[in-house]
Structure formats: C-alpha cells, structure tokens
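Structure record follows, encoded as structure tokens.
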Amino acid sequence: MSRSIEQLESMVADLLAEAKKQGASAADAAVSSSAGLSLTVRLGEVETIEHTRDQGLGITVYFGKRKGSANTTDLKPAALREAVSKACTIARNTCEDDCAGLADPQYLARDYPDLDLHHPWDMDTDQARELALEAEQAARDYDPRIRNSEGATLSTQTGSFIYGNSNGFVGGYPTSRHSISCVVLAQDGECMQRDYWYDSRRDWRELTPPRRIGEKAAANAVAKLNGRKLGTCQAPVIFRADIAPHLLRSLTGALRGHAQYRQSSFLLDSLEQKIFPDWVKVTEDPHIPRGLASAPFDNEGVATNPKAIIDQGVIQTYLLDSYSACKLGLRTTGNAGGVRNLAVTTGDLSLEQMLGEMGTGLLVTELMGQGVNAVTGDYSRGAAGFWVENGEIQYPVEEITIAGNLKDMFHDLVAVGCDTDIPGSVHTGSWWISRMTIAGN
Amino acid sequence: MSNTLDLARETLLSPAGIDDNQLQHIMNRLMSSRVDAADLYFQYSRQESWVLDDGIIREGSFSLEQGAGLRAISGEKTGFAYTEDLHLENLLEAASCAHAITRAGENRRIAVTGGQAVQPLYPAANPLESLPDEDKIHLMKTLDAAARAADPRVKQVSVNLVAGHDTILVVDSEGRLAADLRPLVLCYVNVIVEQNGRREQAGTGGGTRGSLAWFLEDDRALGYAREAVRQALVNLEAVDTPAGAMTVVLGPGWPGILLHEAVGHGLEGDFNRKGLSAFSGRMGEKVASPLCTVVDDGTLPGRRGSLTVDDEGTPTRNTVLIENGVLKGYMQDRFNARLMGMEPTGNGRRESYAYLPLPRMTNTYMLPGEQEPEEIIRSVKKGLYAVNFGGGQVDITSGKFVFSLSEAYLIEDGKITAPVKGATLIGNGPEVLTRVSMLGNDLALDQGVGTCGKDGQSVPVGVGQPTMKVDEITVGGTAV
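From first to last, the protein sequence lines are chains A and B. Under the working numbering, think of the first position of the first sequence as 5, with each following residue one higher. Under the working numbering, think of the first position of the second sequence as 92, with each following residue one higher.
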C-alpha cells in the first residue's frame, strides 16, 4: 500500500521545519508514494509479475538567493535529516542568483479544482493475467503472419503526492494510472517487423478494450512487412496522429522559459510572431477531468490555467516557471514541471480524406533517433511509413530519413486531421506538411 | 573482494541489522516453492550534481537511493518485488510477493556460503568526497571562463559536474555473495555561439569510474571546454547536408555508437532467446566484412561501461561478438544464459534495485585494422566524414538503426572540405558492417559520457572503434 495523504503532509511539514532549523530562509518539498502491479504475458504464459512500490522526496532550500536541493527514496527520519543537511551544504556553495526563490505567493493555488484523477483498480494477478492474455491472443489471432510476440502488459498504479513550501502552501492529491500495451512481431519470409499499441488512463473503466489494443498492434506490425526504400526526393509528408505530438513538443520545448533565457531556442524572442497558418490554434488545458497530464497547480504550487499558446498562427505566450519568468522580466505562466494536456485545432478531414487530397507523398508512422536541433530547428530523423499515390497507400517504406527545418514545417502545415483517437495527453490528428526532403537510395 | 564485501555489508546490511542467518531466511522464503533461481540485490547510492549556467553556479543537488530488489525465477517466469525499507519484515514481505510467481512445491534450503575474490577494476573511494566543494566550484568556474575566453562568439556556457557512488551486494540462490563499490564521475560542457544572427551549439565531456581529480589531470576538463567551443564554431560554418546514399568514413572513438546500435543491441541474449532480433539464429554466419572484429569488454580499468562484477555478481569479461566478420557470441545475463544453455558473460545489468536485470552492453568496440586514417580519407572521391554524434536508436527486430551527426564534413576528391549540419545516418544492422571496406589503425574509445536506454532502464556504457569506411549508407539531409 502507498502512504496516506496525511502521512505525506506531516512529512512535508517536518521537512520544512527541519530546513528552517538548519538555517534556510525558505524551502519547499515534495513527497510522493505509489504502489502497483505490472504483469506481462508472452506467447500465452505469464512472463513477469512485478510488484512496484515507489516513494521519493525532494527538498529545495534557499539561503537568501542561494539554492540547494536533495532527494531521497529513503523516507526514514535519519535519511530526511541527511537530505536537508546536504541541500543546505550545497546552498552555501552555490552563487547568489537574483532570480532564485519560491514562487510569488500571490500566484499560488489557494483553492483548486478536484480533477478526478484517482480511480483505484482492485485487481489481483489472475485478473491482470486474463486481460493481458486477451490483448496478446487477439494480436496472435489477427493474422497468420503474427508469429512471435514481445508480450502484452497490464499495469496499474495508484499513488499520492504532497507539495508544500515555507510560504504556507500545502497541496496534494491521490492519482491513479492504468495501462495495457501489446508488442508483436509479424514475419513474411526473411522480413520481420515489430509494432505495438497501448492505452493509458486515469480511470480504468475508460481503457480501450484489450482485444482492440492487440488487434491494432498486430495490424500495425503486418502493415510494415516487406517495406521498401525510397529514392531521395522532396514530397509532401503526413505525420500520422500518434506521432504528431512530437511536433507539438518541439514547439513547446522552444517556448520554454529556460530555452528562451539561455538563447537555446529556434523560436528565440518570438512572442507575437506568426509561425503557423492563420487557422492554427494550440491550447493547454491542465484542468481536463481525468486527464493524464492534468494538474491543478504546478511544481511550485502556482495555479494552472487553460490558455492559448498559439492563436491565429501567432505565438501568445512563453511557458514559464518563476525562475525563467524572472530572467525574462515576465510573470510565471504556471508551467513549472512542463505543459499539461496540449491540443491543436483539428479540421474536418479524416486520415483517408487527407491522403486523398495529398495525392502523392509520404505517410510517416514511425520516427527514429534524436535528430532535432533545438537551437536551429534543423530536423532530420529516421522514419518509416507508407508511400501514397493517387491518394492511396501503395506500399510500406522504411530506412529513410525526413529532413527540414521546424520553422518551415510549421509554416508549411496544410491541415490537421480529425483522426484524434490516440492515447496520451495530447489532442491532435495527423499533420500534413506540404514539403520535406526524403533521403533514401 | 573480501574487503569489498565487508564494506558492502557494513553499508547495506548492518544498519538494518541483517546478518547471514537472516539472508538465508529471506532466501528460503523466496525459494519456498518451485523456483529455479532467485536473487536478492541490495543497493545504496549517493549522487551529487552541480550545474553552472549563465555564469553562475546555479544549482546543486544531492540524491540518495537505497533499497533491495528480490527476484524469483521459475522456468521462463519471473516474480519481482522491491522495497526501500531494508528491515527483515519488509524484505520477507517482498520475498513472498516475488515468489508468488509459482504455486506450491517443495522447499529448498539455502546456505549463504560467501563470496569469490575478484580484483576490483576501480578505486573503492567515494568520489563525492574526492574533491572539496570549493575545488568542484572552482573547476566549473574555470571551465566557464576558459570557454568564454576561447572566442568572443561564445554566448552561453553551461557546465555539469556529477559524482556518484554505488554500493551493491547480491546474494543468489546458490548461496553466493558478491559485492561491488562503484564510483562514477562525469563532466560536461555545453556552449552556444552566435555570429551574424546565426546560433549553434555543441557539447563535449568525459567521465570515468574514479575520482573527480581525474578531470584536473593534464587539464583534461579544460580540454572539454575548448573542444565544445571548437565544435560549435565549426557548426557556424556548416552547410546543408546532401541527402542520399553515399560512402561514409566514420572517425575513431565515439562514432563506435554505430556498433552499439547497429549490432550491439541485436546481440543481447534476451532478444535472441525470444527470436526477436534480426540476428536471431545467425550464430556462426557471416554478418560483417572480414575486417571486422567486435567485442564487448567490461574489464577495462576505469572505463564508464566497466564493472568488476555485473548486477548478478558475475565477474565481467571480454566477449567476442563478431570475429573476422563471423557472428560468434551473445551478451548474456544468468537468466537468459540458463534458458539458452550458454554461459553468463557478466552482462546482467540493472538501473537500480527497482528494476529487473537484463543483458546489457558494457564497453563495445571494434578492434583496429592496418590502414592509416589519411589513406582511408584519400580513397574517397565523394562522401561524408563523420566525427561526432548525438544519440542513436535501433529497432532490433527489423535491424534498422539511426543516429544523428553533430560534427561531419564533406569529402571531395580525397580531401575533407566543408562542414555539414543536421545530418542523420540510417541503415540496417545486419547489412552495414558487410560494407566496411577499410579499417584504420587508430582504435580509440570514447571519453566516457555514454548512457544506454533499454526497457526504460538507463546504464552507463562505453563505445569505441578505429576510423572506418562504409561503402554505402543513407545520409538524411535537406540538400537534394
């Protein structure tokens, strides 16, 4: 069992008191605890049963404008005292930093909504096995070319966390997360391909049925069989919905305060600049009930709020925590710890209709490697997918790269599809970009 | 080893009051059903990291991680549980959870017999205490100043300094004990340069299993600062990369990440046992040009990927993976080795007690050839010379791998010419080494910054190779 909210609250209070005792002028602390079960079946048999039980604590102390932090997985009193003491030693050695400090108290989340994030699943290993087996069996029954499996996994986890700081903020809540995933191999002659599908939810009742997850994993793997390379060319590219979130994350990464003040962003000093076509709106909504990335306050206790990041193609805001806001002379946007539940305006076109309108080009279903340069926006990644002619998929392609620059890619966005049925915290359909360079033979 | 074992007991077991009798008691609980093998893994880790950014020592953090992972294996099934609390009742509860993988069966009694002597490959001393805090701060400020002084176009510098110390103790169901005290330090410098409105970045660094004082020897860390600036300035001049298939010459050292991605992962035991790898069932077959001999060697003193014993207590070794082009061996942990009827090779590694061990690489490199590097460059009419890389990735089933170049040049008429930007190499693991046509005499290992991810677990690794010419590989660029 994970620890109760009350236990975590008193731990945070003790930590803040200890920090004060050791001479810190301000401090904040976060404590979390979770427990769960993860079960994998492979080829019809149980392969692993893992009982997970995680706990952790992080504390940051300030001595005026100097800062030090520590974290530990050992929550016994002696370890907590040591963590505080180490953080204090470090703080005495760091430099005075005018922007260091807790969030401005006026922005703290005084009362915040219950976002319905806690739905424990009363599940024993037998039930977990049944569900995982259902997913894997559906995949193996889908097509005779599904000849091997990496397995299907069911995992369920519940936990709680508390954040508190010496300005009197204390807040926290219990959460849960449940997922089912399946990875299978398709084989045809010498050619072997693997692919997967998954779903992950706060409320287990909303999970995609295991059978559908298995079938989708199998369909993905079979479709990749006997891929070809392409000749080097320039062509329109559609990023299928499940990989489109990568493009949005490159956008939000470039708008992070840290990237701005360090001048390490390809969208440097870009507030109010138009980087997308008129119809594009990108929003963040941290308050979606049961949302995977939902949070009523950020990692500094600052209230989160729904907002537009891009409107009519124009950058509306950077994504700031207190430190980067101070560096840039702005005010925090409640994004300490990241962005929560992104969404982009979607059009009316299904993926099939979009392929039809594109005519000839590349549908990308898989990206590989880290070829995104955050400073310049240069983009060059390994890819696999399907070649499209006359609006229809002709054959799978692999061992190619797609390249361009993110600024051009955003500018050249033709449409976003309405095929938004993807797992995860980002709401988007497929992205159609008018032209990129494809490297192959 | 006995000294190592005593130190590990003192750190891990004594504070919780665990003695050999109690270890046996826990192991018996773990084994009290139809279990083939089991182990207890105790770990105590401390890490300290410092960040210099924007001209000041901006933050530092300390982290403490401690716990025990308990594993019970029955055939191909594994039960696993872990706990941060090392007291007997928690360990027994975790043992009950882990052994629930099997149903009732006979009991086996385990006697803890002690450990085998293994010569440590690195000093036992805690690197967190290897330099006074003032000296750590001074080093970082020196690097910041050196990078800024190197060129007026340097606009931002960040420096990371990390020191960690890991104490581990493994008890297995044969009653064997093994322990290891593992230091690991890392220093990394990242710079951003600007010229006429164009900005570029580059980073470089190094690390070892040893003391932070290593960075001061021969001005080693100062070298990272200068090298980061040099690479970033090169990038300012870089032109668009030509796209398409071409001859690529890979430089020595870090480009060995190609081996790690293209063949290393595909030769890990678990993937081959399950038939998931593009190399499955190909033992004894030709998978590379006869020039190529590739090994995984966990025994190199002080190297980032080295381990005295792996996380199952097996001493590491030098395993030949490919010999003169022929597939010779897999990297094995005990679990997969047993199921495949092979020997464990000391490649059983885990990120921490909270994860199951997997077959993982240590230091993977290609042995040198006979040619002068200049000769190799001269032999290329038109191609790419790739010197430094970002990260890579592989799909072990299809064999497709990809990695990003952070420093590369065109080769025209046997000469290195313009630097190119933003290039990615993509290829097929089982094919790429068959196209190796020339190999240099300049084997180098990387400087010690590599981290490998698999199944959500990160472990430190090393790579290396001599200058290597690959006759054809697909280069992803923007210029057609």
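Note that beta-carbon positions come from the ideal geometry of N, C-alpha and C, so glycine has one too. As the structure is a computational prediction, the values presented were derived from the model and not from experiment.
Could you check how far apart the C-beta atoms of residue i and residue j are, in whole angstroms? I think they sit under 8 Å.
i: K491 of chain B; j: E402 of chain A; result: 6 Å
i: A107 of chain B; j: L131 of chain B; result: 12 Å between Cβ atoms; not a contact.
i: I53 of chain A; j: T160 of chain A; result: With 8 Å as the limit, I53 of chain A and T160 of chain A do not qualify as a contact, their Cβ atoms being about 12 Å apart.
i: L430 of chain B; j: E139 of chain B; result: That belief does not hold up - the Cβ atoms of L430 of chain B and E139 of chain B are roughly 40 Å apart, past 8 Å.
i: S152 of chain B; j: I9 of chain A; result: Incorrect: roughly 26 Å between the Cβ atoms, too far for contact.
i: V174 of chain A; j: E304 of chain A; result: Actually they do not touch by this definition, with Cβ atoms about 13 Å apart.
i: L493 of chain B; j: M127 of chain A; result: Per the sequence shown, the amino acid found at residue 493 of chain B is Val instead of Leu. Actually they are not in contact, since the Cβ atoms of V493 of chain B and M127 of chain A sit about 38 Å apart, beyond 8 Å.
i: D424 of chain B; j: N409 of chain B; result: D424 of chain B to N409 of chain B, Cβ: 17 Å. No contact.
So, does the CB of residue i fall closer than 7 Å to a CB anywhere in chain A?
i: F171 of chain B; result: yes
i: E563 of chain B; result: no
i: G196 of chain B; result: Low confidence applies here, because G196 of chain B scores a pLDDT of 42, under 50, leaving its location unreliable; read the following figure in that light. It does not; no Cβ of chain A falls within 7 Å.
i: S489 of chain B; result: yes
i: R321 of chain B; result: no
i: R569 of chain B; result: Here residue 569 of chain B is Thr; the residue named in the question, Arg, does not match the sequence. Output row for T569 of chain B: interface = yes.
i: S152 of chain B; result: yes
i: T572 of chain B; result: Chain B is shown from 92 up to 571; residue 572 of chain B falls before or after that span and cannot be answered.
i: M118 of chain B; result: no
How big is the Cα-Cα spacing for residue i and residue j?
i: P333 of chain B; j: G568 of chain B; result: 5 Å
i: C188 of chain B; j: L447 of chain B; result: 15 Å
i: D242 of chain B; j: S371 of chain B; result: 51 Å
i: A443 of chain A; j: Q556 of chain B; result: 26 Å
i: K472 of chain B; j: I517 of chain B; result: 21 Å
i: R364 of chain B; j: E101 of chain B; result: 38 Å
i: V226 of chain A; j: S164 of chain A; result: 41 Å
i: L98 of chain B; j: T287 of chain A; result: 55 Å
i: T179 of chain A; j: Q238 of chain A; result: 46 Å
i: S105 of chain B; j: A28 of chain A; result: 33 Å
i: V392 of chain A; j: S549 of chain B; result: 38 Å
i: L84 of chain A; j: T236 of chain A; result: 58 Å
i: A369 of chain B; j: L358 of chain B; result: 9 Å
i: I314 of chain A; j: G416 of chain B; result: 54 Å
i: L334 of chain A; j: A499 of chain B; result: 39 Å
i: L313 of chain B; j: N345 of chain A; result: 43 Å
i: T405 of chain A; j: L271 of chain A; result: 24 Å
i: V248 of chain B; j: D144 of chain B; result: 6 Å
i: Q320 of chain A; j: P346 of chain B; result: 41 Å
i: L112 of chain A; j: F301 of chain A; result: 8 Å
i: E73 of chain A; j: E276 of chain A; result: Note on residue identity: the sequence assigns Ser, not Glu, to residue 73 of chain A. Taking the straight line from one Cα to the other gives about 36 Å.
i: I147 of chain B; j: L234 of chain B; result: 12 Å
i: F171 of chain B; j: E414 of chain B; result: 37 Å
i: A570 of chain B; j: G513 of chain B; result: 11 Å
Counting contacts by CB-CB distance shorter than 7 Å, is residue i in contact with chain B?
i: I94 of chain A; result: yes
i: Q407 of chain A; result: The sequence shown places Ala at residue 407 of chain A, not Gln. Output row for A407 of chain A: interface = yes.
i: G351 of chain A; result: no
i: D382 of chain A; result: yes
i: M362 of chain A; result: no
i: Q267 of chain A; result: yes
i: T52 of chain A; result: yes
i: Q264 of chain A; result: no
Three-state secondary structure (DSSP) at residue i?
i: L277 of chain B; result: strand
i: C92 of chain A; result: helix
i: D387 of chain B; result: strand
i: A270 of chain B; result: strand
i: W345 of chain B; result: helix
i: P557 of chain B; result: coil
i: G437 of chain B; result: coil
i: V552 of chain B; result: coil
i: L96 of chain B; result: helix
If you measure from the CB of residue i, is any heavy atom of the ligand HEM nearer than 6 Å?
i: A509 of chain B; result: In terms of ligand content, the structure shown is empty, and the ligand HEM therefore cannot be addressed.
Could you work out which residues of chain D lie near residue i, taking near to mean beta carbons separated by less than 7 Å?
i: G444 of chain A; result: Of the protein chains in the structure, A and B, none is chain D.
Next item on the list: Counting only runs of 3+ residues fully inside the segment 140-179 of chain A, write out the beta strand (DSSP E) ranges in chain order.
Entry: 150-169
Margin query: Suppose only complete runs of 4+ residues qualify. What are the alpha helix (DSSP H) ranges in the segment 98-178 of chain B, listed by chain order?
Written below: 111-122
Next item on the list: Return the chain-ordered ranges of every beta strand (DSSP E) run that is complete within the segment 489-533 of chain B and spans a minimum of 3 residues.
Entry: 491-503, 506-512, 515-519, 527-530
Notebook entry, point to check: At what residue ranges does the segment 48-79 of chain A contain a whole run of the beta strand (DSSP E), taking only runs of 3 or more?
Noted result: 49-67, 70-76
Note to self: Which complete beta strand (DSSP E) runs does the segment 317-385 of chain B hold, if anything under 3 residues is left out?
What the structure shows: 335-341
Margin query: For a minimum of 3 consecutive residues, which ranges assigned as the beta strand (DSSP E) are wholly contained in the segment 285-359 of chain A?
Written below: 286-288, 311-315, 346-348
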